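Here is the structure we will look at, set down as structure tokens.
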Amino acid sequence: MSSDQGLGWAADRMPPTHRAWVEVDLGAIRHNIVAIRRLLKPSTQFMSVVKADGYGHGAVAVARTALSAGASWLAVATIEEGIQLRRAGIDAPILLFGPAICTEEVETLVEYRLQPTVCSLDQARRLSAADLGSIQIHLKVDTGMTRLGVAWQEAQELLSAIRVLPNVTVAGLYSHLATADAIDPTTTLEQFERFAKLVNTLRRQGIRPPLVHLANSAATLTFPDTYFDLVRIGLAQYGLYPSSHLQTVVALRPALSLKARIVFVKTVPPGTGVSYGHTFRTGHRTRLATVSIGYGDGVSRALSNGIDFLVRGRRVRQVGTITMDQCLIDVTDVREACEGDIVTLLGRDGEEQISIAEWVERLKTIPYEILTTLSPRLPRIVCGEAVV
Ligand SMILES: *Cc1c(COP(=O)(O)O)cnc(C)c1O
């Protein structure tokens, strides 16, 4: 299937039977990965971050697409997420962004070949003491994010202590940036310098962890010095920008669309209160359509009366409070709108498009949160590419 085919087929030829669903264009994900990789040296590895079910896109489909588009690593946040990839037959190395704390976790990550993050000698000792053969680990250094990781001043000492432990092999050394999406580069520069200094000090002592990595999407779009051996790409591979000022660097294509159906249409007189709390009251005779999607699907109630949907390629206003399973739109101006019509909440319909930026602004949040709160009850319908 051509990656330029877009999502039109779902509406035109193969209408899904669902009340509401997410469409994922794997061709867009491939395009984004290829575009991002063009920024890198050929030797720089691409780690596809598929935590939180691939940012809501479906981890397995994204991982397969990423690997076939040139990614060589995957990353997850939980052991369960790693197991899901292995059970789907995915063989690529997988980094776990957190440490293993209890014995069961250690056993599981060995069984499924997940490489844990280590931030302390205790964490490394637990892996070593499990005596389950050599476990590959990535040592995480805190250079200023102040979340996970050994303090950068103490990293060298910890690394030396870990290197003599049996059953533990340091496969990677990494850190995470706190403000790479900001316009002001000061903090990123400071973190980069601390990390680079550590890497250079180690190198002078002949210590060279196989994989040194620092950059997330934002740093990859703005700061080539942070690439080291590998970049960890989440949001950008899904076609979104960590911050709007990064849009000029590379042309990405959003991979996700959110759709639902009109399940009922009726006309009401002026002055009619609509939905819970009557937060909207009609000003004139109004044709209302009930759409089968709500906050139980991840469409935040805080968007009520504040966003547009697309019906038959036209923008219409969402009106009234968004309820758990349904919400309403004003289709007075779209006379043809009827039961069964597909409504686009995010994505394109004809010439019109609704981008996640509209929700971001309304909710005062970031695209990450919107994507990862789309409910598992929404089926993920994959298109745009044959998945092997
Ligand atoms: C989630 C995550 C990433 C990916 O971040 P994006 O901004 O989505 O590219 C990279 N590194 C770590 C440690 C993460 O937790």
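Under full-length UniProt numbering, the residue at position 215 of the sequence shown is numbered 215, and the numbers go up by one with no gaps.
Backbone N, C-alpha and C fix where the C-beta goes; we use that ideal spot for every residue, glycine too.
Since the structure is predicted, the reported quantities are computational estimates derived from the model, not experimental observations.
Check each candidate in F46, P42, W21 and name the one with the smallest Cα separation from H57.
-> W21
Between F97 and R317, what straight-line distance do the alpha-carbon atoms span, to the nearest angstrom?
-> 41 Å
Less than 7 Å between the CB of R232 and some heavy atom of ligand 1, yes or no?
-> yes
Taking only the alpha-carbon atoms, compute the straight-line gap between K51 and D91 and give it to the nearest angstrom.
-> 17 Å
Assigned exposure category for K266 - 16 Cβ within 10 Å defines buried = exposed
If you draw a straight line from the alpha carbon of residue 391 to that of F195, how long is it in whole angstroms?
-> Examination of residue 391 is not possible in this model, given that the chain is present from 1 through 388 alone.
Quick one: grab the DSSP three-state call for L95.
-> strand
Could you give the DSSP three-state label for I135: helix, strand or coil?
-> strand
How many whole angstroms separate the CB atoms of L114 and G82, which I take to be in contact at a CB cut-off of 8 Å?
-> 4 Å
Give a yes or no on contact between the stretch 161-168 and the stretch 134-149, applying the rule of three or more CB pairs nearer than 8 Å.
-> yes
Following the continuous beta strand (DSSP E) through Y174, name the residue where it begins and the one where it ends.
-> 168-175
Please indicate yes or no: does the CB of V49 lie closer than 7 Å to some heavy atom of ligand 1?
-> yes
Beta carbon of P224: closer than 7 Å to some heavy atom of ligand 2?
-> As far as ligands go, the structure on display features ligand 1 and does not contain ligand 2.
Distance between beta carbons of I354 and I370, contact taken as under 8 Å | In fact, because the Cβ distance is near 12 Å, the residues do not count as touching under 8 Å.
C-alpha gap between E80 and T117, whole angstroms = 15 Å
Is L177 buried or exposed, if buried means 16 or more other CB atoms sit within 10 Å of its CB?
-> buried
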